[in-house]
Amino acid sequence: MKLQFIEDIERDIKNWQNSVAVKSYGVDWKKFLPDDISVKKVYNDKYLKNYLEKKFYRLGKIFEFRNWLEHNVNFIRLQKDLEILVGKKFPSKTIKVFITTFHRAPYSFEKSFFYIIWRNSKNREKAITNIYHELMHFLFHWHYWDLCKKAGLSETQIHVLKESLTVLLNPILKQRELPIDFGYPSHQEIRAKIKEMWRNAKNFDLILKQVQKILK
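Residue 22 is where the sequence shown starts when you use the numbering used here, and the numbers rise one by one after that.
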């Protein structure tokens, strides 16, 4: 598994425009719009491109962040941590990581890409936490999604399960001295249950079956 960090303002623009139009996991993403730009202006391609160039791209902020990621993300250790946690292997493929300046980072495991949110120097390590989070989703999709469907879970329930299981990253993140994974507000109850289950039996497959019963 390899990660390719990409600076692409056109992809960034599309992520802004797609994000302000959706709600997911109880979050209305429009609330993350900066005060100095409106939803209407976001849909103006020319205006938004100039806005992002002025605030980020011409100043070299995205280039500098990409360079930081390339020098500070330990691919080998990250992959090993996740494979031990989940008990499954990553395939030999390259996953594209598009940098976005909006506060939403969607992904597509089918197309092998995800977005990473630009971080300033004060909280940059959060980006590595986000990479752990997204790649754990990829492993879940590749190895567990169909099993959950066969177990009778709905698409919505599987998404809740997928997001809630990232609470299991926190012992690893603490060991690596990285910010912990908080998850979405609507998933905190199930995350607390998963955390307690993990204390009793550190077995990913077993935890998965137990949580499936709770969600049904």
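Glycine residues also receive a C-beta, built at the ideal position from the N, C-alpha and C atoms.
I'd like to confirm the pairing. Which residues does DSSP put opposite residue i in its beta bridges?
| i | result |
| --- | --- |
| T115 | K23 |
| D49 | K44 |
Which of helix, strand or coil does DSSP assign to residue i?
| i | result |
| --- | --- |
| T121 | strand |
| F159 | helix |
| I1 | Residue 1 lies beyond the range of the chain shown here (22 to 237); nothing can be said about it. |
| Y128 | strand |
| V232 | helix |
| P200 | coil |
| R87 | helix |
| L168 | helix |
| I58 | coil |
Are residue i and residue j touching if we call contact CB-CB under 9 angstroms?
| i | j | result |
| --- | --- | --- |
| I138 | I83 | no |
| S185 | I215 | yes |
| A148 | F86 | yes |
| G204 | T187 | yes |
From residue i to residue j, what does the alpha carbon distance come to, in whole angstroms?
| i | j | result |
| --- | --- | --- |
| K101 | I152 | 13 angstroms |
| D33 | L194 | 28 angstroms |
| K234 | W219 | 16 angstroms |
| Y128 | L182 | 17 angstroms |
| V232 | R125 | 27 angstroms |
| W50 | D56 | 14 angstroms |
| A222 | D66 | 51 angstroms |
| W166 | M157 | 12 angstroms |
| N144 | A213 | 25 angstroms |
| I228 | L103 | 16 angstroms |
| H92 | K114 | 20 angstroms |
| L99 | H164 | 18 angstroms |
| K110 | I27 | 24 angstroms |
| R79 | N88 | 15 angstroms |
| N141 | A42 | 26 angstroms |
| P252 | F130 | With the chain covering only 22 through 237, there is no way to say anything about residue 252. |
| T150 | N39 | 24 angstroms |
| I249 | K35 | The displayed coordinates of the chain run from 22 to 237. Any statement about residue 249 would go beyond what the structure contains. |
By Cβ distance, which residues of its chain are closer than 8 angstroms to residue i, with the 5 residues on each side in sequence left out?
| i | result |
| --- | --- |
| D226 | G108 |
| I116 | M22, K23, L24, Q25, S133, F134, F135, L156 and F159 |
| L106 | M157, L189, L190, I193 and F225 |
| V118 | L24, Q25, F26, I27, L90, F134, F135, Y136, I137 and I152 |
| F77 | I83, T122 and W139 |
Please list, in chain order, all residues of the same chain as residue i whose beta carbon is under 7 angstroms from its beta carbon, the five residues on each side excluded.
| i | result |
| --- | --- |
| E146 | L199 and P200 |
| V207 | The residue asked about is misnamed: residue 207 is Ser in this sequence, not Val. Once the five neighbours on either side are set aside, the close Cβ partners of S207 are Y46 and G47. |
| K230 | none |
| I58 | Y72 |
| G173 | K237 |
| Y68 | K62 |
Note down, in chain order, each residue of its chain lying with its Cβ closer than 6 angstroms to the Cβ of residue i, except the 5 sequence neighbours on either side.
| i | result |
| --- | --- |
| E155 | Y128 and F135 |
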